[in-house]
Structures are given as structure tokens and as C-alpha cells.
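Start counting at 1 in the sequence shown, then tack on 7, and there's your number in this note's numbering.
Glycine included, every Cβ here is placed at the ideal spot set by N, Cα and C.
Only a predicted model underlies this, so the values are computations on that prediction, with no experimental measurement involved.
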Amino acid sequence: MATLHAGRLLARRYRLLDQIGAGGMSVIWRARDEVLDRMVALKVLAPSLAADARFRDMVREEARSAAQLVHPHMTSVHDYGETLAPDGSITSFVVMELLNGEELEYRLTEGPLPWPEAVEIGAQVAEALAAAHRLGIVHRDITPANVMMTPVGVKVLDFGIATHIGAPDEDEDGGTFGTPAYVAPERLDGAPAQPATDIYSLGVLLYETLTGRVPYPADTWEQLGAALETGDPPPPLQVPGLPSEVVRICLRCLSREPQDRPTAHQVALVLHDQLLPGDPQAATMLAPTMPLPSVGVPPEPPGVPAGTPVPAPGTA
């Protein structure tokens, strides 16, 4: 099996520079596109996954879907590639926009955010989701780990694990995609991917940025099921100065029934309305306090009509 190392050239185009992230499914490299002379991020699949032709096909299709998404609050997907080593092993990778910023997950380790900043982040994530939903694509894993705060605003990461509305939402073993605490109730019953389940995840994210905690803590599907079975509403959103409209839209996002949730476009409109025009506080809060390289997905407009359901996975 060919070993990846700094300086190696993939597909006669992408020069690996250094590793900037790793997970169970992939390793992220900072690289230089020597054809277009620009810095990019390469998500290289784990060798065991790259050896599976069906998995490579799935990743290629996901990259193709993600590449359709062009929006200021999504990270762009530029390319998909495969290389064959002399020993027959395959290196499979996705080429993405390289970002500099700070993950929202890291920021939240310091506690909840000032409400204007939390609302602005929620609005920008909602805009990105609205654009994806208009193209029939759902994200399936809206969490703080998949939101990057950059000098030019929020970027939603990992649309590479997105899928099309109505597509089956289980892995090969029949498990549910996503991060338990952010997954909508209907997902536990095997509901297919729909926009409304992305909206539920957005509600959890907004709630967490405002309070520093998720409404229903859960590390496993069993814990999530037990928390939801009680039927208890989320703990009250008690944040000094928080507009009542923000409380209402957040709780609507967390509605148990998918049809009761707003659309991403509606969420974006409500949240933006709660920020004063030209509010310097909200405008400057998104600038990261420390530069951290990262990766993401595509960019462009908002807008959409009424609600429906959605799902959520994980990558890297």
C-alpha cells in the first residue's frame, strides 16, 4: 500500500504539505493544487474504505452532490480523485476549499455565546441549509463540529456526507446516521432524509450556542430514545436580553412533529430580523480568536417555502 507523506503528489496535481486533521474514516491534508496554484484541503479516505469499490462510489456521488452547492456559508468541494499504486492499492480523496478559522465546537468549550453572536451564527447556518434544501439536498449532521467560524462568516462543513431528500438514511448495518444529541425524533423510527430533520438539528445548535448545553443530552441512540420518551419539553431558554422571537423560532425548530417546524429560509429571516441593522457587535463577533486550518463545502443564495423533515451523519 502506498504511504502518504508530505511532498507526495496525488493525481499529478495535488502536492501534500501537512496533515491538519484525522478521524476514523479519513485524514485531512493541507495541499497545493499545482495546476491552479492554490491551497486546498484533501480528505483522503482510510485505506480500508478506499479498498471498497461500493464505498468509493458512494463518496464520489456525495462529492458530486456537494459540488452543486455554491453558497457563501458552505465550504466548496472542488474535485474527487483516485490514484492506483503499483501494488494495486487505491488512494481515494475529495478536494475541498481550505479554511482558516475556529470550529464552533471549540468555541463552546468556553461556555454559551453572547446572544447576538449565537443568533447571527444560527442565521448563517440557516441560509446555507435553505440553499441546500432548494436543491433537494439535506446535510444530516448539523453540529458545532461541522460549523467553522471564519473572518468572513460561518462556513458549514461536511456536506460530503449529505444526501438527497427522501433517500434511505441508514448505514450498511442498519444504523442511524448522525450525532445522537442533534438527531430529530423521527430519525429514530427510520424516517428518510428530509429538510425538517436538518431544522431540528439547527434548533439544537441554536439552543446550545445560547445556553451552553443541548436540550436532550445523549451520547448513544438508547440515551436519546430514553430522553425523548419522557415527552418533556426542552428546558426553558432563559438568556438575559434574548428576544422572544428567537425563543419561539428555536422551540419551533425543536418541535416533535416535522410538519410543525419552520423552513430554513423562515428561520434565517426571523433570526436576521432580531439583529439591529449594522449592529457592530454581531458583525465583529464571528471573527475567530485563533487561526485554525480546516475544511468544508460549497456557496450561494437563501430562500424557500414551507417545512418538511431531515436526517444527520458524521465523517472524517
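For the set 25, 209, 196, the Cα lying nearest the Cα of residue 154 is the one of 209.
Residue state for residue 226 is assigned as coil, using DSSP reduced to three classes. For residue 149 against residue 212, the beta-carbon gap comes to about 6 Å, under 8 Å, which counts as contact. About 43 Å separates the Cβ atoms of residue 271 and residue 92, ruling out a contact at the 8 Å cut-off.
Assigned with DSSP and collapsed to three states, residue 28 falls in strand. According to the DSSP secondary-structure assignment, residue 163 is paired through a beta bridge with 81, 154.
Nearest C-alpha to residue 151 among 144, 120, 76: 120. Annotated as distal: residue 205 and residue 253, with beta-carbon spacing of 8 Å or more.
For residue 45, the uninterrupted beta strand (DSSP E) segment begins and ends at 45-52. Per the Cβ contact rule, the region 44-61 is in contact with the region 15-35 (3 or more Cβ pairs under 8 Å). The alpha-carbon of residue 139 is positioned some 28 Å away from that of residue 227. Secondary structure of residue 63 (DSSP, three-state): helix.
The alpha helix (DSSP H) runs lying completely inside the region 202-249 and spanning 4 residues or more are 202-218, 228-236, given in chain order. Closest by C-alpha distance to residue 83, out of 102, 220, 58, 192, is 102. Shown here for residue 63: same chain residues with a beta carbon closer than 6 Å to its own, the five before and five after excluded, namely 99 in chain order. Beta-bridge partners of residue 21 (DSSP): 17, 40.
DSSP places residue 11 outside both helix and strand once states are collapsed to three, so it counts as coil. Secondary structure of residue 69 (DSSP, three-state): helix.
Going by DSSP, residue 251 is part of the alpha helix (DSSP H) stretching over 251-260. Rounded to the nearest whole angstrom, the C-alpha separation of residue 118 and residue 217 is 9 Å. Looking from the CA of residue 27, the closest CA among 105, 242, 269, 198 belongs to 105. Around residue 67, the same chain offers 87 as residues with beta carbons nearer than 7 Å, after the five sequence neighbours per side are excluded. The beta carbon of residue 234 sits closer than 6 Å to those of 223, 225, all from its chain and outside the five residues before and after it, given in chain order.
By alpha-carbon distance to residue 232, the top candidate from 221, 196, 240 is 196. Closest by C-alpha distance to residue 53, out of 191, 278, 11, 187, is 11. Sorting 115, 109, 164 by C-alpha distance to the C-alpha of residue 132 places 164 at the top. Assignment of beta-bridge partners to residue 90 by DSSP yields 98.
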